[in-house]
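Colleague:
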Amino acid sequence: MDTKNFTKQLSKHVTFSHWSRKSFAIFASLKTIVKIGFLSGTLTLLANPEKGYSQTDTIQVGNHLDIDEVVVSSNRTPKAFEEVSRIVTVIPSEEIQASPAQTLQDLLRYAMNVDIRQRGAIGVQADVSIRGGSFDQTLFLLNNIPVNDPQTGHHNLNIPIDLESIERIEILSGAGARIFGPNAFSGAINIITNSKADKEIRASVSGGQNGLYATNASVNFSSGKLNNYIAFGLNGSDGYKTNTDFKSKQVFYHGSLNADLGKLDFQLGYLDKSFGANSFYSPKYPDQFEHIRNFLTSLSYSKSFGIAKLTTNIYWRRNQDRFELFREDKFHYNDGYFVTTENDTAKYYQINYSYPGHNYHLTNVTGANANISVSTKLGESSFGVDFRNEHIYSNVLGESLDEAIDAPGEERGKYSKEAERSHVNFFIEQDYTNNKYNITLGGLAHYNSDYGAYFSGGVETSYWLTSGVKTFASINQAMRMPTFTDLYYDGPSNVGNPELKPEVANGYELGFKGYGNNVTWTVNGFARDTKDAIDWVKEVGADEFTTVNYTNLITSGLELSSRMNFKKVEGLSSFVNYINVSYSYTNIDKETDTLMVSAYSLDYLRHKINITADHNLYKSLGLSWSVSYQSRNGAYTDILGEEISYMPFTLFDAKLYWRANKYEIFSEVTNIFNTDYYDLGGISQPGRWIRGGIKVNLNFN
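The opening residue of the sequence shown carries number 58 in our numbering; numbering runs sequentially from there.
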């Protein structure tokens, strides 16, 4: 197999333009072009290779999709596509539009070894982890801009976009600190939005059970060399049980300018979301409520200079949150107390806890980074620098202010505390390829204003055993800083710890990938050795959890996945487009055998099986479905204080759709068999939920 010539020819046809030529390319700080013959979990479904990956009309998209040959990026340094030595999952727009998922959270649930634990339905709030990590250990990016919230990982998915705006999702499994910096501890998820040059207007309206409604509208248009994408969304529901109602609205703009002096990308988004938070953080408090306002903006610039390419970004993210332990609209405010209609004060409502009032938080994150890649006879070299400042105002998190300040837009809210920290990262990476062999080495030097200096390094290598099978291995380090909640939060059931130090880990991976005409597969094992793991723990029988650098954890696992493409199989291609199957197993052992009760470290997804498929039924009529089996290690405490072990469950989802030239009519059902299940604490999840709607696409090209 002449891999070099094959790569050159293939790249001409299947390079994703948004990945290889844009500053927000897949984990664009990586700037790598790599081939993944198999993409695990919710496997990539792409248009015909000869058409490349120009954005396709999502209503007109065909059902015959092929991912046998894909070009993606997964490192800081450009590299040949078949030399990737990591597991990356890509979910493109075609699969997003065909899936029965209603939200980003639902969609990620189909990905291999990605653990989605939802507190509320339809995207209200979810914790996301990869390979047994905690919800604070996954890094999120929007068009390559980090959007993690330093207050808590519960806010990481406060992103002002909906499924209609997503062009694709890219998931890197395993430690990524040397690539992205701190907090890419167990993996990273990059969400790429629409930015095509087409002139079109898209709109969708849907509704369903429990008073569910959703409306979305977007427009693409160009002005000279400037491509513009603007999207609006509004949705809500009465809730599937008491105090699970929600309302959400967002607006998002993405502009891309190709000029002689370089390429500019600009994004701006705003999200306003409020929701009933029934028992979100404790079953003792069923009347919780939360209101979130999120704003983000960024500007990116890229330019090639002969053998070198420069990419820079600046960004600002602001998240404002009001958390009500006792939902205010059930009370009226009188003389410093929230009083019920029976004139009982919320301060002694349900349990004897003195309620001081709502929690108010305001986080501001600003950052800037630059990366330059250089191609020489020695291979591909990349150098980068990143600066980030994190600040929070709060009435419960941080150190006391000399004088309290008003919380913007809040009738009674005041901030009496604040905390701030800054860090700078220096990156370096070298990639070398020699025929069938590839090796990549990289390092991150990190300095934090609170914790001092840390170093994270890594090496990845791969080798083609035959023309259709290759082996790969990697060793990478990671670190994560405590969130402000870890450090400072004191509540009725929690006590923070300002003396926490970062957790660090070494990650290992070894695997094989196979490529055939109609079947691709991967088999890999992984391990992570975590030191000073951060967790909320308590003594047996105690009421309060506190944060500590709990212990050392050994995480290990196995991942198997396969994609069967029936497009070229005579007799089946007219009915079955593809079937994706994945299985993951994870185990975590703690180094010290203590009697402390752990809230997060030993509460993880042990077994997970995903099966997804798409069919042509008759002419323009199609059907997609998914099955997900989950078996979780751990237990939760119910309202009576009893420890209840999680029970395994299986979920079935399906979508029936009719696609015409300019419109799509669809009906979808989640949890078809009305399974009663718990995947986070004692919060019962929604049963069967049916919705339907119509999408319209008017293309003016």
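For glycine and all other residues, C-beta sits at the position ideal for the given N, C-alpha and C.
My guess is that Ser222 and Ala288 are in contact by the Cβ rule of under 8 angstroms, so how many angstroms apart are they, rounded?
Modeller: 5 angstroms
Colleague: Given a cut-off of 8 angstroms on the beta-carbon distance, is the pair Lys330 and Ser305 in contact?
Modeller: yes
Colleague: Got a sec? Which residues, its chain only, sit under 6 angstroms from Val442 by beta carbon, not counting five neighbours each side?
Modeller: Ala427 and Phe483
Colleague: Which two residues bound the contiguous beta strand (DSSP E) that contains Phe309?
Modeller: Its beta strand (DSSP E) spans residues Phe303 to Ala316.
Colleague: Pick helix, strand or coil for Arg143, following the three-state DSSP scheme.
Modeller: Correct three-state label for Arg143: coil.
Colleague: Return the residue from the list Leu367, Leu708 and Gly739 that minimises the CA-CA distance to Asn731.
Modeller: Comparing Cα positions, the closest option is Leu708.
Colleague: I need the straight-line Cα distance from Ala234 to Ile187, nearest angstrom please.
Modeller: In this model, Ala234 and Ile187 are separated by some 14 angstroms (Cα to Cα).
Colleague: For Gly281, which residues in the same chain have their Cβ closer than 7 angstroms to its Cβ, ignoring the five residues on either side in sequence?
Modeller: none
Colleague: Which term fits Glu437, buried or exposed, when burial requires 16 or more other beta carbons within 10 angstroms of its beta carbon?
Modeller: Buried, by the Cβ-count rule.
Colleague: Since Pro203 sits in a beta bridge, which residues does DSSP pair it with?
Modeller: Leu198
Colleague: Measure from the alpha carbon of Val594 to the alpha carbon of each residue in Leu567, Leu659 and Val580, then state which is nearest.
Modeller: Leu659
Colleague: How big is the Cα-Cα spacing for Lys404 and Phe380?
Modeller: Legend: pLDDT at Lys404 = 45, less than 50; position of this residue unreliable, no value from coordinates given.
Colleague: Determine which residues share a DSSP beta bridge with Thr490 and list them.
Modeller: Asn495
Colleague: Across which residues does DSSP place Met621 in a beta bridge pair?
Modeller: Val576 and Ile636
Colleague: With distances taken from CA atoms, which of Ile228, Arg176, Thr299 and Gln324 is nearest Ile218?
Modeller: Gln324
Colleague: Report the option in Leu164, Asp206 and Asn533 whose CA atom is closest to the CA atom of Arg225.
Modeller: Leu164
Colleague: Do Ser357 and Asn370 have their C-beta atoms closer together than 8 angstroms?
Modeller: yes
Colleague: Suppose the cutoff is 6 angstroms on Cβ atoms and the five residues either side in sequence are ignored; what does the same chain contact list for Lys665 look like?
Modeller: The beta carbon of Lys665 sits closer than 6 angstroms to those of Ser641 and Gln687, all from its chain and outside the five residues before and after it, given in chain order.
Colleague: Consult DSSP for Leu419 and reduce its assignment to one of helix, strand or coil.
Modeller: strand
Colleague: Let me know the secondary structure DSSP gives Ile124 once reduced to three states.
Modeller: With a pLDDT of only 41 at Ile124, under 50, the local geometry of the prediction cannot be trusted, and no value is derived from it.
Colleague: Could you give the DSSP three-state label for Arg235: helix, strand or coil?
Modeller: In the structure shown, Arg235 sits in a helix (DSSP, three-state: H, G or I).
Colleague: Mapping DSSP to helix, strand and coil, what is Ile696?
Modeller: coil
Colleague: From Gly553 to Tyr545, what does the alpha carbon distance come to, in whole angstroms?
Modeller: 5 angstroms
Colleague: Reducing DSSP to helix, strand and coil, say where Ser741 ends up.
Modeller: Collapsing the DSSP output to three states places Ser741 in coil.
Colleague: Who are the near neighbours of Leu678 in its chain, counting only those whose CB is closer than 7 angstroms to its CB and skipping five residues on each side?
Modeller: Excluding residues up to 5 positions away in sequence, Trp715 lie with their Cβ nearer than 7 angstroms to the Cβ of Leu678 in the same chain.
Colleague: With DSSP collapsed to three states, give me the class of Leu557.
Modeller: Shown here, Leu557 sits in coil according to DSSP, grouped into three states, outside any helix or strand.
Colleague: From Ile228 to Glu460, what distance separates their C-alpha atoms?
Modeller: Note on geometry: alpha-carbon atoms of Ile228 and Glu460 lie some 44 angstroms from one another.
Colleague: Please say whether Tyr511 and His503 have beta carbons closer to each other than 8 angstroms?
Modeller: yes
Colleague: If contacts are defined as beta-carbon pairs under 8 angstroms, then Asp671 and Ser685 qualify, I think. What distance do you get, rounded to the angstrom?
Modeller: With a Cβ gap of about 16 angstroms, Asp671 and Ser685 do not count as contacting.
Colleague: Grouping DSSP H, G and I as helix and E and B as strand, with all else coil, what is Thr542?
Modeller: Thr542 falls in the helix class under three-state DSSP.
Colleague: Skipping 5 residues on each side, what residues in its chain have a beta carbon closer than 6 angstroms to that of Phe583?
Modeller: Glu566 and Gly614
Colleague: Would you report the Cα separation of Met538 and Asn205, rounded to the nearest angstrom?
Modeller: 12 angstroms
Colleague: In whole angstroms, what is the alpha-carbon distance linking Arg445 and Pro743?
Modeller: 39 angstroms
Colleague: Using 10 angstroms around the beta-carbon of Asp592, count the other beta-carbons present and answer buried if the total reaches 16, otherwise exposed.
Modeller: buried
Colleague: Put Gly750 into one of helix, strand or coil per three-state DSSP.
Modeller: Here Gly750 sits in strand by DSSP.
Colleague: Taking 8 angstroms as the cut-off, does the stretch 571-579 touch the stretch 615-624 (at least 3 CB pairs, one atom from each stretch)?
Modeller: yes
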